[in-house]
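No gaps in the numbering here: position 42 of the sequence shown is 683 in my numbering, and each next residue is one more. By construction, the Cβ of each residue, glycine as well, lies at the ideal position given by its N, Cα and C atoms. Here's the structure we're looking at; comments come further down.
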Amino acid sequence: MSTKGASLKGLLLVVLLVSNMLLTKEGVTSLPICPNGSANCQVSLGELFDRAVKLSHYIHFLSSEMFNEFDERYAQGRGFITKAVNGCHTSSLTTPEDKEQAQQIHHEDLLNIV
Numbered sequence: 642m643s644t645k646g647a648s649l650k651g652l653l654l655v656v657l658l659v660s661n662m663l664l665t666k667e668g669v670t671s672l673p674i675c676p677n678g679s680a681n682c683q684v685s686l687g688e689l690f691d692r693a694v695k696l697s698h699y700i701h702f703l704s705s706e707m708f709n710e711f712d713e714r715y716a717q718g719r720g721f722i723t724k725a726v727n728g729c730h731t732s733s734l735t736t737p738e739d740k741e742q743a744q745q746i747h748h749e750d751l752l753n754i755v
């Protein structure tokens with residue numbers, strides 16, 4: 642296993658652990674849709690969408706908070722995210738824009754892009 646692969650797995654493990662700590666710390670639980678556990682509860686589609694939007698916003702807030710906390714504690718300005726995005730062995734290769742460009746590339750070069 643390469644050093645990059647091991648460090649990426651370590652980074653992902655830390656992110657999972659931090660997210661678990663955040664969720665446990667915040668006491669995140671789902672709220673019941675129907676009051677008092679009623680079996681015949683009817684919720685309108687609009688209310689369901691509203692709830693989905695609120696939950697999505699809350700999850701985005703938590704993930705942003707988790708990312709910022711991770712960045713402050715562990716990344717310490719070392720540019721881990723930039724290295725991860727630009728560190729791919731194929732990031733310097735240009736990819737064809739359309740079918741015609743792809744057909745003009747030699748097969749060996751096309752395999753290197755993929």
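Look at residue i and residue j and say whether their C-beta atoms are less than 7 Å apart.
| i | j | result |
| --- | --- | --- |
| Val659 | Phe702 | no |
Determine the direct distance from the alpha carbon of residue j to that of residue i, and round the result to whole angstroms.
| i | j | result |
| --- | --- | --- |
| Glu688 | Cys682 | 13 Å |
| Glu713 | Ile746 | 44 Å |
| Leu620 | Ala693 | This structure cannot speak to residue 620, because the chain is shown only from 642 to 755. |
| Gly651 | Thr735 | 30 Å |
| Ser697 | Asp691 | 10 Å |
| Tyr715 | Lys695 | 30 Å |
| Leu657 | Tyr699 | 18 Å |
| Val655 | Glu741 | 44 Å |
| Ser648 | Asp750 | 29 Å |
| Ser705 | Leu686 | 28 Å |
| Leu653 | Phe708 | 12 Å |
| Glu738 | Asn661 | 41 Å |
Looking at the ligand GTP, does it come within less than 6 Å of residue i, judged from the CB to the closest heavy atom?
| i | result |
| --- | --- |
| Ala743 | In the structure shown, the ligand GTP is absent, as is every other ligand, since no ligand is present at all. |
Could you spell out where the alpha helix (DSSP H) holding residue i opens and where it closes?
| i | result |
| --- | --- |
| Tyr715 | Segment: none, Tyr715 is in no alpha helix (DSSP H) and carries neither H nor E. |
| Glu741 | Lys740 to Gln745 |
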